[in-house]
Amino acid sequence: MKPNYRRCISCRKVGLKQDFWRIVRVFPSGKVQLDQGMGRSAYICPQASCLQAANKKNKLGRSLQATVPETLYQTLWQRLAPSHHQNQISG
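Under this note's numbering, the final residue of the sequence shown carries the number 330; numbering is consecutive throughout.
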């Protein structure tokens, strides 16, 4: 894969790093958080289908080898809501 390209853990689509949400298991605390920090990372498309599949099949948890808190999924759904709403208006 080229530099700055990442793969969605849900749909496996490859794209530029900035096209995805980054979820990090921070080293050494093991805390799972969004966007920043150093440690093991997983990337996911900002789409309802990818988020739903990742949540249902625990893809984030398996990829990060950590327990992903439900609050993180709630935050991602909240992030998705404005853009999802925008797509319905413009679509």
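From the three backbone atoms N, C-alpha and C, an ideal C-beta is built for every residue, glycine too.
Run of the beta strand (DSSP E) containing residue i, from where it starts to where it stops
i    : result
A281 : 278 to 283
R246 : 244 to 246
V253 : 253 to 255
Coil, strand or helix - residue i by DSSP
i    : result
G300 : helix
R261 : strand
A320 : helix
Q272 : strand
T306 : coil
For residue i, the first and last residue of its enclosing alpha helix (DSSP H)
i    : result
Q291 : 287 to 295
CB contact flag (residue i, residue j, <8 Å)
i    : j    : result
V265 : L303 : no
Buried or exposed (CB count within 10 angstroms, at least 16 for buried), residue i
i    : result
C250 : exposed
A305 : buried
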